[in-house]
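Since the structure comes first, as structure tokens, the remarks are kept for the end.
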Amino acid sequence: MKILCVSDQIDPLVYNQNAKNIFSDVDIILCAGDLPMNYVDFIVTVFNKPVFFVFGNHDLKEFRFYHTRKSLKYSYDTNHSHGGTHLGFTTYSSKNITYIDENGKETPLLIAGAGGSLKYNNGQNQYTDWQMKWKLIKMIPQLMINKRKYGRYLDILLTHATPRHVHDHEDPCHKGFDCFNWFIEKFRPKYLVHGHIHLYDIREKRVSKVMDTTVVNAYAHYIINLPETQENETPEESL
Numbered sequence: 005m006k007i008l009c010v011s012d013q014i015d016p017l018v019y020n021q022n023a024k025n026i027f028s029d030v031d032i033i034l035c036a037g038d039l040p041m042n043y044v045d046f047i048v049t050v051f052n053k054p055v056f057f058v059f060g061n062h063d064l065k066e067f068r069f070y071h072t073r074k075s076l077k078y079s080y081d082t083n084h085s086h087g088g089t090h091l092g093f094t095t096y097s098s099k100n101i102t103y104i105d106e107n108g109k110e111t112p113l114l115i116a117g118a119g120g121s122l123k124y125n126n127g128q129n130q131y132t133d134w135q136m137k138w139k140l141i142k143m144i145p146q147l148m149i150n151k152r153k154y155g156r157y158l159d160i161l162l163t164h165a166t167p168r169h170v171h172d173h174e175d176p177c178h179k180g181f182d183c184f185n186w187f188i189e190k191f192r193p194k195y196l197v198h199g200h201i202h203l204y205d206i207r208e209k210r211v212s213k214v215m216d217t218t219v220v221n222a223y224a225h226y227i228i229n230l231p232e233t234q235e236n237e238t239p240e241e242s243l
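Count along the sequence shown starting at 1, add 4, and that's the number in the numbering used here.
This is the structure we're talking about:
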């Protein structure tokens, strides 16, 4: 399974009518936040593939359609779905979205989301580390079901922020969550895909290994393969 990951920047390679040819063998798209919903809508329309998204700490004009303040639960509003699946603190699997694992067996993709950033100015979709950990804890019943049915908890955790001390920065806005490291240790997803950290310096690391989990910064765009069979490349790198 080839997965196109995007976040934080409208990438001209993705935002053009020829995108489906550039990324011709992409199976699904993950949007890791801070993207306008009309960009998500464009991706859904052009690729006609399953699209999953979380919100970041910016571009929150439509956040209210997915978030109920009274219950602090995320809801799916079909009038504002843009054809994508919102993964705000939920798990997802479908028999229609599968991949061939390392043993040659077809298996459903197991994915979960955790949007938002560490709290720094009391804005929308910002959380303390404990608040974020509690939201992750509430996913545990479904993760246990995954483990019992498929022998693993999760394939991909899609986030906006980073784990603490993995790709993050030291300013208050861009610190990562300690609880993401706890989640990695306990549930060992194959990938954690995040946004939030802009890559202005080509020397800045965008892929790291944390225990059994590959942590990927999806800034602009990045391609991953599940299972990982070769060095991941973006189309322009392979030319």
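C-beta atoms are modelled at their ideal positions from N, C-alpha and C, and glycine is treated no differently.
Treat the numbers as computed from the prediction; the structure is a model and nothing was measured.
- A check of alpha carbon separations from Y204 across D216, N221, K190, F191 identifies N221 as the nearest.
- Here E110 carries a strand assignment [DSSP, helix/strand/coil].
- Proximity to Y157 across Y19, S121, C183, E189 peaks at E189, based on C-alpha coordinates.
- The beta carbon of K6 is closer than 7 Å to those of D29, V30, D31, I227, N229 in its chain, skipping five residues each way along the sequence.
- Unbroken beta strand (DSSP E) runs of no fewer than 3 residues, entirely contained in the stretch 22-47, are found at 32-35, following chain order.
- Relative to the Cα of H90, the nearest Cα in the group W134, L161, V170 belongs to L161.
- For the pair I101 and L113, the CB atoms are nearer than the 8 Å cut-off.
- Sequence-distant Cβ neighbours of Y195 in its own chain, meaning closer than 8 Å and more than five residues away, are D159, I160, L161, T217, T218, V219, V220, I228, L230.
- When DSSP states are grouped into helix, strand and coil, V211 belongs to the strand group.
- Between the alpha carbons of H200 and C177 lies a gap of roughly 9 Å.
- Annotation: E106 to G155 spans about 13 Å, alpha carbon to alpha carbon.
- Taking one beta carbon from each stretch, the stretch 138-152 and the stretch 36-44 have fewer than 3 pairs nearer than 8 Å; the two do not touch.
- Residue range 144-154 is occupied by the alpha helix (DSSP H) that includes Y154.
- Just measuring C-alpha positions, the residue of F191, K213, T132 sitting nearest L122 is T132.
- Sequence-distant partners of K139 (beyond 5 residues in either direction) whose C-beta falls short of 6 Å from its own C-beta, in its chain, are F93.
- Contact check for I33 and V55: beta-carbon distance about 5 Å, within the 8 Å limit, so the pair qualifies.
- With respect to the 8 Å criterion, H164 and G119 are classified as neighbours on the basis of their beta carbons.
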